[in-house]
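First up is the structure itself, then whatever we jot down about it.
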Amino acid sequence: AQSVTQPDIHITVSEGASLELRCNYSYGATPYLFWYVQSPGQGLQLLLKYFSGDTLVQGIKGFEAEFKRSQSSFNLRKPSVHWSDAAEYFCAVGGHDYKLSFGAGTTVTVRA
Amino acid sequence: DAGITQSPRYKITETGRQVTLMCHQTWSHSYMFWYRQDLGHGLRLIYYSAAADITDKGEVPDGYVVSRSKTENFPLTLESATRSQTSVYFCASSPLRAHNEQFFGPGTRLTVL
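Residue numbers (this note's numbering), protein chains in the order written: chain A, 191 to 302; chain B, 102 to 214.
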């Protein structure tokens with residue numbers, strides 16, 4: 191069975207500073223990996239995804255993530271955070287069925 | 102409008118009552134899912150469906166029932182609501198050969214008193 195760990199429950203970052211959210215997964219083969227963002231009171235929006243190929247993937251809103259097989263990680267980064275990036279972020283892993291397993295989420299607070 | 106919709110968006114009910122949450126998608130996606138979101142748990146899969154008339158249990162199915170008579174609809178029923186079922190419920194859909202990518206509805210906030 192697949193699983194995801196997001197070690198950081200809550201991160202506070204200053205506007206304009208860089209952001210990195212950690213994600214570790216467990217899966218026996220090459221996984222499908224996703225980052226979703228949830229703004230308060232909203233549904234989940236896909237930020238980016240990794241299926242195969244280049245291990246550095248670009249997403250929407252200036253986010254990127256890097257797949258590192260040796261570390262079973264898929265960390266999300268943004269070079270310069272905007273106040274609108276305050277949200278909850280979920281990492282998810284899928285395998286060769288059609289289901290996803292989600293991490294518990296990381297809440298990002300942006301201070302002025 | 103195209104997409105995935107959920108109704109109602111907010112619902113308050115009492116313990117023991119039956120509640121049905123609706124999910125409708127206009128993409129004709131094969132797969133549909135129901136999740137609940139609780140603090141500290143992320144999203145947990147309740148039930149899923151690969152096609153009309155094909156449903157299966159997820160991680161936390163107890164107390165819930167689903168049906169899928171049409172591809173576009175996937176209602177979730179709480180047969181006798183309990184306080185522990187107070188949560189935010191999300192419906193999602195996924196097309197064939199999408200490498201598990203899922204598209205989410207806006208959610209239903211359910212409170213059981």
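The C-beta atom is built at its ideal place from N, Cα and C for all residues, glycine as well.
All figures in this text were calculated on a predicted structure; none of them were measured in a lab.
Cut-off 8 Å between Cβ atoms - residues of its own chain near N201(B), not counting five sequence neighbours on either side: Closer than 8 Å at Cβ, skipping near neighbours: S195.
Do we get a CB-CB distance below 8 Å when we pair H200(B) with the residues of chain A? Answer yes: the Cβ-Cβ gap between H200(B) and chain A drops below 8 Å somewhere.
Answer with buried or exposed for G285(A), where buried requires no fewer than 16 other C-beta atoms within 10 angstroms of its C-beta. Result: buried.
Taking C-beta to C-beta, are G293(A) and Q196(A) nearer than 8 Å? One thing to note: G293(A) has its Cβ within 8 Å of the Cβ of Q196(A).
Less than 8 Å between the beta carbons of F280(A) and G104(B), yes or no? Not a contact, by the Cβ cut-off of 8 Å.
DSSP state of I113(B) mapped onto helix, strand, coil: I113(B) falls in the strand class under three-state DSSP.
Below 8 Å CB to CB, which residues in the same chain sit around L146(B) once its five sequence neighbours on both sides are set aside? Residues of the same chain with a CB within less than 8 Å of the CB of L146(B), apart from the 5 flanking positions on each side, are F134, W135, Y136, G159, E160, V161 in chain order.
Spatial neighbours of K112(B) in its chain, beta-carbon cut-off 8 Å, leaving aside the 5 residues before and after: Same-chain partners within the cutoff: V120, L122, T209, R210, L211, T212.
In the DSSP assignment, what residue or residues form a beta bridge with Y190(B)? Paired residues: R137(B), T209(B).
Taking DSSP as the reference, what is the three-state secondary structure of I105(B)? DSSP, reduced to helix, strand and coil, places I105(B) within a strand of the structure shown.
Which whole-angstrom value describes the C-beta separation of K268(A) and L223(A), a residue pair presumed to lie in contact below a C-beta threshold of 8 Å? About 17 Å separates the beta carbons of K268(A) and L223(A), which is beyond the 8 Å limit, so they are not a contact pair.
With W225(A) and L266(A) assumed to form a contact (beta carbons below 8 Å), what rounded beta-carbon distance in angstroms separates them? Confirmed, about 5 Å.
Hey, out of Q232(A), L246(A), Q261(A), whose CA is closest to Y324(A)'s CA? Lying before the first or after the last residue shown, residue 324(A) is absent from chain A, which here runs from 191 to 302.
Cβ-based neighbour list, Q248(A), same chain, cut-off 8 Å, excluding 5 preceding and 5 following: Within the same chain, L238, E254 come within 8 Å of Q248(A) by CB-CB distance, once the 5 residues on both sides are set aside.
Kindly give me the distance between the Cβ atoms of S129(B) and A152(B), rounded to whole angstroms, as I take these residues to be in contact under 8 Å. Not quite, the Cβ-Cβ distance comes to about 11 Å (not below 8 Å), so this is no contact.
According to the neighbour-count rule (16 or more other Cβ atoms, all chains shown, within 10 Å of its Cβ), is P221(A) buried or exposed? Per the 10 Å Cβ criterion, buried.
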